[in-house]
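A.B. asks: Sending over a structure as structure tokens; questions will come in a sec.
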Amino acid sequence: MADKANPVVTMRSVTKRFLDVTANNKINFELFPGEICALLGENGAGKTTLMNILFGYYTCDEGEIFIKGKKTELTSPRDAISQGIGMIHQHFTLAPSQTVLENIIISTKSSKGLFLDIKAATEKLLHLQERFGLQVDHRARVWSLSVGEQQKVEILKALYRDVDILIMDEPTAVLAPIEIRELFTTLKSLVKENKSVIFISHKLNEVMEICDRILILRGGEVVAEKIKKETSTRELVNLMVGREMLEQLEKKKISTGEAVLEIKELTVANDKGLEAVKKIDLLVRKKEIVGLAGVSGNGQTELCQTLFGLRKPQAGTIKIEGKPLPPGDPQRAIRAGMARIPEDRIETGLLMDLTVSENMVLENHISSDFSNKGLINFQAIHDYSDELIKSFSIKTAGRDAAAKSLSGGNMQKVILARELSGSPSLIIASQPTRGLDVGAMEYIHQRLLEEKERGIGILVISDDLDEIFALSDRIIVMYEGEIMGDITIDEASREQVGLWMSGVLK
Ligand SMILES: Nc1ncnc2c1ncn2[C@@H]1O[C@H](COP(=O)(O)OP(=O)(O)OP(=O)(O)O)[C@@H](O)[C@H]1O
Ligand SMILES: [Mg+2]
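In my numbering, the protein residues as written are 796 to 1301.
Pasting the structure below:
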């Protein structure tokens, strides 16, 4: 049980401002040994900023930090690590061409000869793996690991440095369900040894499962603190967004029309030259949402890249509204009417140094709405941007703010706003609500259902079964590059889809 008398972290009246935005306003936060504490809040509420302060990335403008009772100035992550604080970001910081062991021992203090060191280091590592259930081959090169395994390496790297406070910023957003189970087992074994964890997630069922205590932020301030046992998902949603959520989205039955996306015998190789997509057929009709379910890493990424024109297939054809799509040509994909919501939005979806407004018109600034005889109509772009900022509730200092100043979830909203607001005939949405808060997720789901009613064909690729079941008219399951099953929503059961996802046929 957590020792309430001796907090390991005390943040007192911490304030952080960025120009006109107060990201954290007089925040008080305590963390106790042996507990998992959740930080919950809408996109832009200030969670990542607060943790970046605790990890020494940012210094606060006002306030004090005590670590294990001692007032501490944290001016760099190095400081934080030496105080026993580790942080695992969503974007990992490992060297892909090096082995797991090399990544873990890099820049740690070494003693004596290299040979002895490596032996001792390996032993220490194997011991940590055993102790906290973090199985991954220490000789493997990092590039060959799955995302889940890479995360294990990051955790091991922190533990190797004797961290006893672990900050995890949306760790489950990129994990497959089975990897989430493994992570939770590890977290439980950490707190059993009196270590403490700060866990950020938008998935309330996870928070309710794994955390002991929940701190809710809103607009940069702490609005509530709850003991898990004394609260409910419903109450948390209310505290977070200040309103009730819809119980269930209304999904109208719609008769489906002609094919808008037709894939035939498509084969795609991955970066290692191995077949990631194996001769698949796939059809999306007008007024239809097809959910492509599957554990990440089973060919979905390569399929998407091929559809977006970012990767050339080895064989097969793609047709949009009956017309063949030439391979490897992103511009043609856009002109054919495809809206593209990529999975790695931060890397491929946004230009970080451009403004919110510029990012919103990235792909259609030459369209007639925004330019006339080569003259750009700035007023139209401004009005359009302001409208999207409002309707997608994007939290930003304004349309002229740089994309990189937005919180993770708000960056994603910018792409969603841009892609859903053109007039596409086909939407390909990969993990469309990953990283979004519950309110934003509900809004995006509603938008997608509305787009469908307007006659658009939609392919939703998601490893979140709740999302697949909430949206789809038809569910297709992909496993190791092949289609395992294709079933209408009326006939689909979670058990069946789950079995297909793990490669088991009926
Ligand atoms: N480097 C920065 N420059 C300017 N503004 C920033 C910067 N970092 C964060 N902000 C602003 O601070 C506020 C809080 O952002 P933060 O990233 O902490 O939110 P968050 O709670 O982690 O949200 P999300 O759930 O979307 O990740 C946002 O309004 C964001 O735009
Ligand atoms: Mg964040």
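Built from N, CA and C at the ideal position, the CB exists for glycine as well. Since the model is a prediction, treat every value here as computed from it, not as a measurement.
#1: Are the beta-carbon atoms belonging to Ala-1134 and Ile-1263 less than 9 Å from one another?
#2: Excluding five sequence neighbours on each side, which residues of the same chain lie with their C-beta closer than 8 Å to the C-beta of His-1177?
#3: Check whether the region 978–993 and the region 885–900 are in contact - that is, three or more C-beta pairs closer than 8 Å.
#4: To the nearest angstrom, how far is the alpha carbon of Arg-1249 from that of Arg-1140?
#5: Quick check on Arg-926: does DSSP put it in helix, strand or coil?
#6: Assign Val-958 to buried or exposed, taking buried as 16 or more other Cβ atoms, counted over all protein chains shown, within 10 Å of its Cβ.
#7: If you compare alpha carbons, which of Phe-887, Leu-951, Leu-940, Val-942 is closest to Leu-921?
#8: What does DSSP give as the partner residues of Tyr-1274 in its beta bridges?
#9: Just to confirm my understanding: we take Asp-1281, look at its own chain, exclude 5 residues before and 5 after, and list those with CB closer than 6 Å. What are they?
#10: Quick one, what's near ligand 2 if you take every residue whose CB is closer than 7 Å to any heavy atom, in chain order?
#11: Per DSSP, Cys-832 forms a beta bridge with which residues?
#12: Once the 5 residues before and after Asn-1205 are set aside, which same chain residues still bring their CB inside 7 Å of it?
#13: Roughly how many angstroms lie between the CA atoms of Ile-1239 and Thr-1228, to the nearest whole one?
#14: In angstroms, rounded to a whole number, what distance separates the CA positions of Gly-1293 and Leu-1260?
#15: As a quick exercise: from Ile-995, Ser-991, Arg-1213, Asn-1172, pick the residue whose alpha carbon is nearest that of Ile-862.
#16: Let me confirm a value: His-886 is counted as buried when at least 16 other C-beta atoms fall within 10 Å, else exposed. Which label applies?
#17: Give the C-beta separation of Val-895 and Val-931 to the nearest angstrom, bearing in mind that I take them to be a contact with Cβ-Cβ under 8 Å.
#18: Alpha carbon to alpha carbon, how far is Phe-994 from Phe-1103? Give it in angstroms, no decimals.
#19: Around the Cβ of Ile-1210, are there at least 16 other Cβ atoms within 10 angstroms (buried) or fewer (exposed)?
#20: Return the CA-CA distance between Leu-1183 and Ser-996, expressed in angstroms with no decimal places.
#21: Determine the direct distance from the alpha carbon of Leu-1201 to that of Arg-1013, and round the result to whole angstroms.
C.D. replies: A quick look at the data gives this:
#1: no
#2: Ser-1152, Arg-1194
#3: no
#4: 26 Å
#5: helix
#6: buried
#7: Leu-951
#8: Glu-1277
#9: Ile-1271
#10: Lys-842, Thr-843, Asp-964, Glu-965, Ile-995, Ser-1202, Gly-1203, Gly-1204
#11: Ile-993, Arg-1008
#12: Asn-838, Gly-839, Ile-1189, Lys-1190, Thr-1191
#13: 7 Å
#14: 9 Å
#15: Ser-991
#16: exposed
#17: 6 Å
#18: 34 Å
#19: buried
#20: 25 Å
#21: 16 Å
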